[in-house]
Each structure stands twice: as C-alpha cells, then as structure tokens.
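Heads up, the sequence shown is in our numbering, so the first residue is 143 and it goes up one at a time. The C-beta atom is built at its ideal place from N, Cα and C for all residues, glycine as well. Below: the structure, in structure tokens.
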Amino acid sequence: MASPVPVTPVLVVHGGSGRISPEHHTAAVAGTHAAAVAGQWVLRDAGRCEDAAVAAVRVLEDDPAFNAGRGACMNHDGEFEHDAAIMRSRDLRSGAVAGIRAIRDPVLVARLVMEQTAHCLLVGAGAEALARAHGVGHFGRDEVWTAKAEAAHREVREGRGAADNRADTVGAVALDRDGNLCAAGSTGGILFKLPGRVGDTPLCGSGFYAHPVLGACCTTGVGEAILTHLLAHEALRAAAQHPGGAQRIAQQLCAEISARWSGAAIGLILVRPDGEVAIAHASEHMSWALARGEMTPESGLAYR
C-alpha cells in the first residue's frame with residue numbers, strides 16, 4: 143500500500159560482493175555511481191520504484207566492468223547464461239529469468255515476465271521466446287562478449303586462476319515517493335559454472351524480495367550459500383524486528399552465512415519502508431552507491 147504522504151525516495155545499488163582486482167576498483171565505483179544517478183533521475187521525476195531499479199540495473203548491465211549483460215562471465219563451455227529478477231511491493235508481483243543465453247539486458251525480460259505473464263520465473267528457451275515475441279532484449283554473443291570475460295575463462299581453464307568469490311553481480315533496491323518498493327538484480331552467474339547452473343539471483347526470497355511492510359532487499363555473493371539461507375527475506379524480516387538496526391542485522395547475517403560456508407562471499411543491500419538503509423558484506427570488496435532524495439549520490443568500495 144502506498145504511503146498517504148510523500149516520502150523521501152531512496153535508491154541503493156551494488157556491484158557485487160567478493161574479490162575485485164585492484165585494476166578494476168575505480169571502474170566498479172564509477173559504474174555503481176552512474177547507476178545510482180540514473181535511478182535517482184527516475185525517482186526525482188516522481189517515477190515508480192520499478193522504473194528506477196531497472197534504470198540502475200540497466201546501466202550496470204551495459205557496463206563491461208560487471209558480471210551482468212555485457213561483461214558477463216562464461217560458463218564451463220565458454221557460453222553465456224544470464225539470470226535476472228525483479229519484484230515490487232505494492233502487489234507482491236515478481237518476475238525472473240534463468241539460463242537465458244547471451245542477452246545484454248536480461249532484467250528487461252524479467253520485468254516482462256512480471257508484467258505480461260501470470261508466471262514468476264521462466265528459464266532458457268522459454269524466456270528467450272517470450273522476449274523475442276515482445277521485441278524485448280538484445281541477443282547475441284557480440285552483445286555480451288568482452289576481452290575481460292574471455293581472459294578470465296582462459297585463466298581458469300588453463301589452471302592459472304580461480305573461479306570462486308569473484309565480485310561483479312549487480313542489483314538495486316528502490317523506495318519511491320509513494321512509499322512503494324522494488325528490488326532487481328542481474329548476473330552472469332559463477333565463472334566456469336556447469337551449464338544450466340542457477341544461483342540465488344532469480345530465486346524469490348533468496349536473491350531478491352520486496353514487501354510493503356518489510357522493505358526491499360537484493361543479495362550478492364555465492365548463490366548456493368545465499369539461497370540455502372533465504373537471505374533476502376531473512377534480512378528484511380530480521381531488520382523489521384529491530385527498528386534502526388538494519389545495518390547491524392544485515393552485517394551479522396552476512397558474517398554468519400559466510401562463516402558457515404568457509405568464507406564464501408556474501409553481501410546485500412536493503413531499504414526499509416521508512417527509508418532506513420543497509421549496505422553489508424562479508425567479502426574482500428563490495429562496490430555500492432546510495433541516492434537519497436535530491437542529495438548527490440554517495441558511492442564507494444567497501445573492504446573487509
């Protein structure tokens with residue numbers, strides 16, 4: 143239910159929890175900042191939370207610095223498989239896609255699932271067929287391939303690099319002036335993953351969640367650990383029980399899950415209906431950005 147009085151809009155963005163190579167630190171912060179600016183413009187014009195969240199995620203999908211859309215990592219076979227999701231609070235509608243091949247803008251297909259079907263999740267060829275039927279999405283290897291992704295895949299294939307705990311999945315949460323909330327995320331998954339592997343990003347309650355009373359949350363990190371603990375919903379539920387303590391609660395949950403999973407990278411962003419924000423991680427790095435009202439967005443790279 144929308145707020146009876148205007149609220150201060152808030153947008154939070156993340157660029158992935160995990161390890162970011164030093165040469166990519168500047169690009170990660172610049173990318174999340176640009177995404178926050180894009181989402182803030184939507185909210186300033188009285189736009190809806192889902193429009194703001196999608197605008198932010200689209201900036202990151204087009205940025206080759208991140209593992210989403212253009213710049214996504216490759217699976218074991220050198221192919222691209224993308225997952226994305228979106229959920230809004232006002233009617234608890236959600237949409238997600240998983241295993242959709244070589245697409246630059248998978249979050250748009252996730253939104254299509256939410257708005258144009260009675261379903262919540264479509265996978266593989268079915269998701270692609272829906273997108274093509276509606277003229278949504280930029281498909282093709284040339285749309286997503288980058289030299290960075292190729293090099294990372296080659297390093298792992300040749301035993302010169304590791305595929306674990308890399309950070310560059312993307313997500314956004316938004317609160318609009320009507321008090322409605324949205325969470326959206328996009329990822330290329332784990333580098334060198336088995337074909338068909340799906341992580342937390344498109345799984346409602348694990349990778350994303352939005353609720354009129356609880357708020358909106360988007361997670362990042364090792365999907366197998368996150369989905370096992372239903373992190374997005376659990377973080378929102380716990381934060382609702384401790385007003386003013388969202389940051390502490392979120393940080394504690396990330397640390398606990400990471401410890402249980404031998405140091406797996408875990409992170410999340412959330413915004414409560416009252417505008418309270420949490421940006422938490424248990425990993426070497428997490429790039430983030432925050433836009434509140436008319437204020438110039440803040441951005442940075444969080445360290446362990």
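Check whether the Cβ atoms of G279 and V251 sit closer than 7 Å, and answer yes or no. Counted from its first residue, the sequence shown places residue 279 at position 137. Counted from its first residue, the sequence shown places residue 251 at position 109. For G279 and V251, yes; Cβs fall inside 7 Å.
Sub-7 Å separation of A195 and A316 beta-carbons: As a working mapping, residue 195 is identified with position 53 in the sequence shown. As a working mapping, residue 316 is identified with position 174 in the sequence shown. Closer than 7 Å, so yes.
For H167, which of helix, strand or coil comes out of DSSP? Locating residue 167 in the sequence shown gives position 25, where the first residue counts as 1. DSSP places H167 within a helical segment (H, G or I) once states are collapsed to three.
Reduced DSSP secondary structure (H/G/I, E/B, other) of H276: The count along the sequence shown starts at 1 and reaches residue 276 at position 134. Taken through DSSP and simplified to helix, strand or coil, H276 comes out as coil.
Looking at the strands, I want to know which residues DSSP matches up with T150. The residue given as residue 150 occupies position 8 in the sequence shown. Per DSSP, none; premise fails for T150.
Can you tell me which of the three DSSP states D193 falls into? Residue 193 sits at position 51 when you count from the first residue of the sequence shown. Here D193 sits in helix by DSSP.
Boundaries (first-last residue) of the beta strand (DSSP E) holding G313: In the sequence shown, counting from the first residue as 1, residue 313 sits at position 171. Run containing G313: V312 to L317, per the beta strand (DSSP E) assignment.
Return the chain-ordered list of same chain residues with a C-beta closer than 8 Å to the C-beta of G173, the five sequence neighbours on each side being excluded. Taking the sequence shown and counting its residues from 1, the one referred to as residue 173 is at position 31. Shown here for G173: same chain residues with a beta carbon closer than 8 Å to its own, the five before and five after excluded, namely G157, V201, L202, D205, A207, F208 and S429 in chain order.
For G266, the nearest candidate out of G241, E285, V298 and R296 (CA to CA): Indexing the sequence shown from 1 puts residue 266 at position 124. Per the Cα distances, G241.
Use the C-beta contact count for P344: other C-beta atoms within 10 angstroms, 16 or more gives buried, fewer gives exposed. Here residue 344 refers to the residue found at position 202 of the sequence shown. P344 comes out buried.
What is the DSSP secondary structure of R446, counted as helix, strand or coil? Along the sequence shown, one-based indexing puts residue 446 at 304. DSSP places R446 in coil when its eight states are reduced to three.
Own chain, CB closer than 6 Å to R235, minus 5 neighbours either side, in chain order: Here the question's residue 235 lines up with position 93 in the sequence shown. So the list reads M256, once near-sequence residues are dropped.
Inter-residue CB distance, G160 and S425 (contact presumed, cutoff 8 Å): As a first step, residue 160 must be located in the sequence shown, where it is residue number 18. As a first step, residue 425 must be located in the sequence shown, where it is residue number 283. Taking C-beta atoms under 8 Å as the contact rule, G160 and S425 qualify, at a distance of about 5 Å.
Beta-carbon spacing of A433, Q182 below 7 Å: Taking the first residue of the sequence shown as 1, we reach residue 433 at position 291. Taking the first residue of the sequence shown as 1, we reach residue 182 at position 40. Contact: yes.
Boundaries (first-last residue) of the beta strand (DSSP E) holding M256: Indexing the sequence shown from 1 puts residue 256 at position 114. No beta strand (DSSP E) holds M256; the alpha helix (DSSP H) holding it covers P248 to Q258.
Taking the straight line between their C-alpha atoms, what separation do you get for P151 and A325? In the sequence shown, residue 151 corresponds to position 9, counting from 1. In the sequence shown, residue 325 corresponds to position 183, counting from 1. Inter-residue distance for P151 and A325 is about 14 Å (C-alpha atoms, whole angstroms).
What are the uninterrupted segments assigned as alpha helix (DSSP H) that are 4 or more residues long and contained completely in the region 330-398, given in chain order? Taking only runs of at least 4 residues, the alpha helix (DSSP H) segments lying wholly in the region 330-398 are 365-370 and 373-382.
How is the alpha helix (DSSP H) around E223 delimited, first residue to last? The residue labelled residue 223 in the question sits at position 81 within the sequence shown. That residue, E223, is in no alpha helix (DSSP H); its beta strand (DSSP E) goes E223 to R230.
Would you mind reading off the limits of the alpha helix (DSSP H) that contains G424? If you number the sequence shown from 1, residue 424 lands on position 282. For the sequence presented, residue 424 should be read as Ala rather than Gly. Annotation: A424 is outside any alpha helix (DSSP H); the continuous beta strand (DSSP E) that includes it extends over V419 to A424.
Using three-state DSSP, classify G157 as helix, strand or coil. Position 15 of the sequence shown, counted from the start, is the residue given in the question as residue 157. Three-state result, G157: strand.
Tell me which residue opens and which closes the alpha helix (DSSP H) that R283 is part of. Your numbering for residue 283 matches position 141 in the sequence shown. Residues R283 to V286.
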